[in-house]
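Engineer:
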Amino acid sequence: MNDLAPIGGGCRTAPVLKQRGQREVFCGLTGIIWLHRKMQDAFFLVVGSRTCAHLLQSAAGVMIFAEPRFGTAILEEQDLAGMKDAHAELDREVARLLARRPDIRQLFLVGSCPSEVIKIDLARAAERLSQLHAPHVRVLNYSGSGIETTFTEGEDACLASMVPVLKDTTARELLLVGALPDVVEDQMLSLLGQMGIDNIRLLPARRIDGTTAVGPNTVFALTQPFLGETHAALERRGARHIAAPFPFGEEGTTLWLQAVATECGVSADTFAAVTDAPRARARKAIAQASEHLNGKSVFFFPDSQLEIPLARFLTRECGMTAIEVGSPYIHDALHGPDLDLLPANDRWGPQISEGQDVDLQLDRARAARPDLTVCGLGLANPLEAEGLTTKWAIELVFTPVHFYEQAGDLAGLFSRPVRRKSLLKLEAAE
Ligand code: SF4
1 MNDLAPIGGG
11 CRTAPVLKQR
21 GQREVFCGLT
31 GIIWLHRKMQ
41 DAFFLVVGSR
51 TCAHLLQSAA
61 GVMIFAEPRF
71 GTAILEEQDL
81 AGMKDAHAEL
91 DREVARLLAR
101 RPDIRQLFLV
111 GSCPSEVIKI
121 DLARAAERLS
131 QLHAPHVRVL
141 NYSGSGIETT
151 FTEGEDACLA
161 SMVPVLKDTT
171 ARELLLVGAL
181 PDVVEDQMLS
191 LLGQMGIDNI
201 RLLPARRIDG
211 TTAVGPNTVF
221 ALTQPFLGET
231 HAALERRGAR
241 HIAAPFPFGE
251 EGTTLWLQAV
261 ATECGVSADT
271 FAAVTDAPRA
281 RARKAIAQAS
291 EHLNGKSVFF
301 FPDSQLEIPL
311 ARFLTRECGM
321 TAIEVGSPYI
331 HDALHGPDLD
341 LLPANDRWGP
351 QISEGQDVDL
361 QLDRARAARP
371 DLTVCGLGLA
381 NPLEAEGLTT
391 KWAIELVFTP
401 VHFYEQAGDL
411 AGLFSRPVRR
421 KSLLKLEAAE
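Read in order, the letters of the sequence shown are residues 1 to 430 in UniProt numbering.
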């Protein structure tokens, strides 16, 4: 493991540029798009406006099949003006939905900007509806409002809402937290299974019956770097976090697996026997896919909270230089291990920034002229028009990118726009 030892003077203690201005990110409702596919007996009922319904419809567009597992209870003008009892309306809407859809076992009432503005108490509604529809259906609530949440915080809020109702246990169990595409989750479970680790629970589970219990002997590892609230909620239940870099790229995956394996008492020989071959495959795939990234610079706008681990991957495995790494929030317990691996900014490392003041950050990006800018959809078009090459951050959340078998694809997601730009330049020169 010597080749994976952290370099000295990482970014963990480097000064962070804190920004609290206008921000350009999607709201937390977006998480419903991947959560409804993951949790197969859940339904997400957004209590919101037509705008919220449109956001979900257009974001989910191609993915809607016969019976979607999300919908919007639309607040009409009368609700907003307080002329109707929104709680009675909601009860009727839920009763109709559950009568029509006996397959629903978990119902999430998801708050939005309008429901927050008119202060509908969804926690009270969830409690009342749970009593009405238990034991067949469990009703929980969380907020996906753009006032309170950014893009990936919707998943964090959803998972955090589940933690207080998990059953108690004193069993020693490993809990893996974060919604991964099924194929990636299966790869992760297979690697851990080959190491002999099989007392594993998942949050979220694919179905409510598989939902885990939690207690003082639970150890948990996060697979997504945006789960700060869930992390805090699990610690409140007595569970202990296994800190590790996130499983992006060959190095991140190996360090993440190593941390879990060490916690579970796996021998070095077993670890090597299970990981050597996929590590070699991942290294080869990254080397091929990152050919166009080597020696290039990257600038991250804050969007998904994946920025810090991805900057670690791009700088240490793909030969890039990071100029600025912006993240909506930085949690030392979650992001510290990845920050340790990024060179500090007085040693050619990046400026780390937290939060956003979008105009100031745009000025910094324009001045730096990075070879690749990772940003939200709203910023990408104007920056492309100014000649910068961009990558939409949202794609990184919708594409399978974790663990060894996806490491080459992850590098490919960044190298494609850079390669396209080089080809366009060549064509223009001819
Ligand atoms: S929750 Fe707020 S930001 Fe999100 S779609 Fe609805 S109104 Fe827009």
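Note that CB positions come from ideal geometry on N, CA and C, so glycine has one too.
1) Closer than 8 Å: is that where the CB of residue 449 sits relative to any heavy atom of the ligand SF4?
2) Does Ser-327 come out as helix, strand or coil in the three-state DSSP assignment?
3) With H, G and I counted as helix, E and B as strand and the rest as coil, what does DSSP make of Asp-409?
4) Give me the Cα-Cα distance between Ala-213 and Ala-95, rounded to the nearest whole angstrom.
5) Work out the CA separation of Val-184 and Arg-281 for me, nearest whole Å.
6) Given this structure, state the Cα-to-Cα distance separating Leu-4 from Ala-125, to the nearest angstrom.
7) DSSP on Ile-291, reduced to helix/strand/coil?
8) For a quick check, are the C-beta atoms of Phe-300 and Val-401 less than 9 Å apart?
9) What does the Cβ neighbour count give for Gly-10, buried or exposed, with the cut at 16 atoms within 10 Å?
10) Report the rounded CA-to-CA distance for Leu-372 versus Pro-343, giving the unit in angstroms.
11) Starting from Val-298, follow its DSSP beta bridges and name the residues at the other end.
12) Grab me the residues of Thr-30's own chain with a C-beta within less than 7 Å of its C-beta, minus the 5 sequence neighbours each way, in chain order.
13) I'd like the list of long-range same chain contacts for Leu-45, defined as Cβ closer than 8 Å, with 5 residues on each side in sequence excluded.
14) Within the present structure, is the beta-carbon of Cys-158 separated from the nearest heavy atom of the ligand SF4 by less than 8 Å?
15) Roughly how far, in whole angstroms, is the beta-carbon of Val-165 from the beta-carbon of Arg-206, given that I think they are within contact range, below 8 Å?
16) Got a sec: does the ligand SF4 put a non-hydrogen atom nearer than 8 Å to the Cβ of Pro-328?
17) With distances taken between CB atoms, is the gap from Ala-261 to Phe-246 smaller than 9 Å?
18) Assign Val-62 to buried or exposed, taking buried as 16 or more other Cβ atoms, counted over all protein chains shown, within 10 Å of its Cβ.
19) Using C-beta distances below 7 Å, list every residue in its chain close to Gln-406, excluding the 5 sequence neighbours before and after it, in chain order.
20) Is there contact here, the region 319 to 338 with the region 346 to 364, by at least three beta-carbon pairs under 8 Å?
21) What are the boundary residues of the beta strand (DSSP E) that includes Ser-304?
22) Roughly how many angstroms separate the alpha carbons of Leu-189 and Leu-377, rounded to a whole number?
23) Taking Cβ positions, are Asp-168 and Lys-38 nearer each other than 9 Å?
24) Could you spell out where the beta strand (DSSP E) holding Ile-352 opens and where it closes?
Structural biologist: In short:
1) Summary: the structure shown does not reach residue 449, with the chain confined to residues 1 through 430, and so no result is reported for it.
2) It is a strand residue.
3) In this structure, Asp-409 counts as helix in the three-state DSSP scheme.
4) Computed Cα separation, rounded: 29 Å.
5) Approximately 16 Å, taken between the alpha carbons.
6) Confidence in Leu-4 is poor, its pLDDT being 46 and thus under 50, which makes the residue's placement unreliable; the coordinate value appears in the next sentence. Rounded to whole angstroms, Leu-4 to Ala-125 spans 50 Å at the Cα level.
7) The question names Ile, but residue 291 in the sequence shown is Glu. Correct three-state label for Glu-291: coil.
8) Between Phe-300 and Val-401, the gap from beta carbon to beta carbon reaches 9 Å or more.
9) Gly-10 counts as buried, since no fewer than 16 other beta carbons sit within 10 angstroms of its beta carbon.
10) Taking the straight line joining both Cα atoms gives about 19 Å.
11) Ala-322, Leu-372.
12) Ala-59, Phe-151, Gly-154, listed in sequence order.
13) Correct list, in chain order: Phe-70, Gly-71, Thr-72, Ala-73, Glu-93, Val-94, Leu-97, Leu-107, Phe-108, Leu-109, Val-110.
14) Between the ligand SF4 and Cys-158, a heavy atom-to-CB distance of less than 8 Å is absent.
15) Actually they are not in contact, since the Cβ atoms of Val-165 and Arg-206 sit about 17 Å apart, beyond 8 Å.
16) Between the ligand SF4 and the CB of Pro-328, the shortest heavy atom gap is not smaller than 8 Å.
17) Note that the C-beta distance between Ala-261 and Phe-246 is not below 9 Å.
18) Unreliable positioning characterises Val-62 in this predicted model, as indicated by a pLDDT of 49, which lies under 50. The coordinate reading is nonetheless provided below. By the 10 Å Cβ count, Val-62 comes out exposed.
19) The answer, listed in chain order, is Val-184, Pro-400.
20) Flag = yes, the region 319 to 338 and the region 346 to 364 touch.
21) That residue, Ser-304, is in no beta strand (DSSP E); it is neither H nor E in DSSP.
22) Straight-line measurement puts the Cα of Leu-377 at about 33 Å from the Cα of Leu-189.
23) The answer is no: Cβ separation not under 9 Å.
24) Element bounds for Ile-352: 351 to 356.
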